[in-house]
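Q: For the sequence shown, counting from 1, position 83 maps to 83 in UniProt numbering; every step adds exactly one.
Yeah, the Cβ is synthetic: ideal placement off N, Cα and C, and Gly gets one too.
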Amino acid sequence: MTLPVRPGAGRPAARPAGPDPLTPLLDLPGVREAAESARTGIDRLLAHRLMRNRSAEVSSESALRGARASAALDGVDVALADLRAGSVEDPVVQGSLRVSVGLGAMVDTWARAPGQVLARLHVLAAADLADRGDLGRPAPHAGPRLGGLFQVVTGTSTVPAVLVAGLVHGELAALAPFGTADGVVARAAGRLTVIGRGLDPKAVSVPEVGFLELGAEAYRERLAGYASGGPDGVAAWLVHCCRAAELGAREGLAIAEAILRG
């Protein structure tokens, strides 16, 4: 299993034509420093010698570990060995796996047509959890807020990609537009943002593992703080996302070293 992302894929941050509405995020307490630390960690991973010609092997293992961790954050924690052996049939886990396998083909489309990709992510994540007629269909209450989110996804910004990804993730998780598998979808959308905006163009870090290492309870608490809308809650969530990204880069390094050892 791999994320078939082209080496070096991803669009660099472009300068917006007008004032960048996301710039104030950098003034929230701890956010700028956390984003810089996350970028340093991912850059260290991308500089690993295995990335020159064997990054696809790291991406493949990253996809598997990310799927497992995403399902665990939704309460279904299975052994990696069982997942690797193909012996896990839980619908949450299977949905998370399908999403991980499909992400690479969605990177370019995500930046142009996020609504289309979001629907596809839900079809993959919730195929065994929701009625067929509900798959890929956001609830009516989600429409206006999704419209604002899509403007963030398709727009340009000089704000670090890890923060844009945190906003995408937080908005989708807080809004829960589908009512099923929203967590898996939100984390996948965050990862697509990190890949597509060039922070991790080879899809070799594992941010989902980072969130899991920080704890499922802390994840829920920080999301609740973000959903409250206050600046302190937003700041705490974004810092949490940056820490998860940094830990996810460390996981990617561990994967690369394990591959080198054979």
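Going by other Cβ atoms of all chains shown within 10 Å of its Cβ, with 16 needed for buried, is Pro-12 buried or exposed?
A: Residue placement at Pro-12 cannot be trusted, given a pLDDT of 40 that sits under 50; what the coordinates show is reported in the next sentence. Counting Cβ neighbours within 10 Å, Pro-12 comes out exposed, since fewer than 16 surround it.
Q: On the CB-based measure, 16 or more other CB atoms within 10 Å of its CB, does Asp-182 come out buried or exposed?
A: Its Cβ being crowded by 16 or more others within 10 Å, Asp-182 is buried.
Q: What is the C-beta distance between Arg-65 and Val-206, in whole angstroms, given that I count them as a contact (C-beta under 8 Å)?
A: Contact flag correct, Cβ pair sits at about 5 Å.
Q: Around the C-beta of Glu-257, are 16 or more other C-beta atoms found within 10 angstroms, so that it is buried, or is it exposed?
A: Result: exposed.
Q: If you compare alpha carbons, which of Phe-211, Leu-223, Gly-230 is closest to Leu-73?
A: Per the Cα distances, Phe-211.
Q: Can you check which of these residues, Leu-146, Gly-166, Gly-198, Leu-167, is closest to Pro-177 by C-alpha distance?
A: Here the closest residue by C-alpha is Leu-146.
Q: Answer yes or no: do Gly-30 and Val-239 have a C-beta to C-beta separation smaller than 7 Å?
A: Cβ atoms of Gly-30 and Val-239: closer than 7 Å.
Q: Please classify Leu-199: does DSSP put it in a helix, a strand, or coil?
A: Leu-199 falls in the coil class under three-state DSSP.
Q: Kindly give me the distance between the Cβ atoms of Arg-39 and Val-162, rounded to whole angstroms, as I take these residues to be in contact under 8 Å.
A: Yes, they are in contact, since the Cβ atoms of Arg-39 and Val-162 sit about 7 Å apart, within 8 Å.
Q: Count Cβ pairs between the stretch 50-65 and the stretch 233-247 that sit closer than 8 Å; are there 3 or more?
A: No, they do not touch.
Q: Please determine, among Ala-218, Thr-180, Ser-37, Ser-60, the residue with the shortest C-alpha to C-alpha distance to residue 264.
A: Limits of the chain in this structure are 1 at one end and 262 at the other, which puts residue 264 out of reach.
Q: With a CB to CB cut of under 8 Å and the five nearest residues on each side skipped, what residues in its chain are close to Leu-129?
A: The residues are Pro-91, Val-92, Gly-95, Thr-180, Ala-181.
Q: Of the residues Arg-191, Arg-32, Trp-110, which one's Cα is nearest the Cα of Phe-150?
A: For the residues Arg-191, Arg-32, Trp-110, the minimum Cα distance to Phe-150 belongs to Trp-110.
Q: Is it true that the stretch 20-27 meets the stretch 155-171, where meeting means three or more beta-carbon pairs spaced less than 8 Å apart?
A: In short, these stretches touch, since the Cβ pair count reaches three.
Q: Run through the stretch 81-122 for me and flag every whole beta strand (DSSP E) of 3 or more residues, listed as ranges in chain order.
A: Runs of the beta strand (DSSP E) inside the stretch 81-122: none found.
Q: Using beta-carbon positions only, say whether Ser-70 and Glu-208 come within less than 7 Å of one another.
A: Yes; because the gap between Cβ atoms is below 7 Å, this pair is in contact.
Q: Give me, in chain order, the residues of the same chain whose beta-carbon lies closer than 8 Å to that of Ala-188; leave out the 5 immediate sequence neighbours on both sides.
A: For Ala-188, where only same-chain residues beyond five positions count, the Cβ hits under 8 Å are Ser-70, Val-99, Ser-100, Leu-103, Leu-121, Ala-125.
Q: By the three-class DSSP mapping on this structure, what secondary structure does Val-234 have?
A: Val-234: helix per DSSP, three-state reduction.
Q: Using the Cα positions of Leu-135 and Ala-127, report the straight-line distance between them to the nearest angstrom.
A: Going by the C-alpha atoms only, they are around 7 Å apart.
Q: Can you list, in chain order, the residues of its chain whose CB lies under 7 Å from that of Val-76, leaving out five sequence neighbours each side?
A: For Val-76, where only same-chain residues beyond five positions count, the Cβ hits under 7 Å are Asp-90, Val-92, Val-93.
Q: With 16 as the cutoff for other CB atoms within 10 Å, does Gly-230 come out buried or exposed?
A: With fewer than 16 other Cβ atoms within 10 Å, it is exposed.
Q: To which residues of the same chain is Arg-15 closer than 8 Å at the C-beta, ignoring the five residues directly before and after it?
A: Unreliable placement is indicated for Arg-15, whose pLDDT of 49 sits below 50; the coordinate value is still reported in the next sentence. Same-chain partners within the cutoff: Thr-156, Thr-158.
Q: Taking the alpha carbon of Leu-97 as the point to measure from, which residue in Leu-80, Ser-228, Arg-68, Pro-114 has its own alpha carbon closest?
A: The candidate whose alpha carbon is nearest that of Leu-97 is Arg-68.
Q: Run the CB neighbour count on Glu-61, radius 10 Å, all protein chains shown included, and call it buried at 16 or more, exposed below.
A: Buried, since its Cβ has 16 or more Cβ neighbours within 10 Å.
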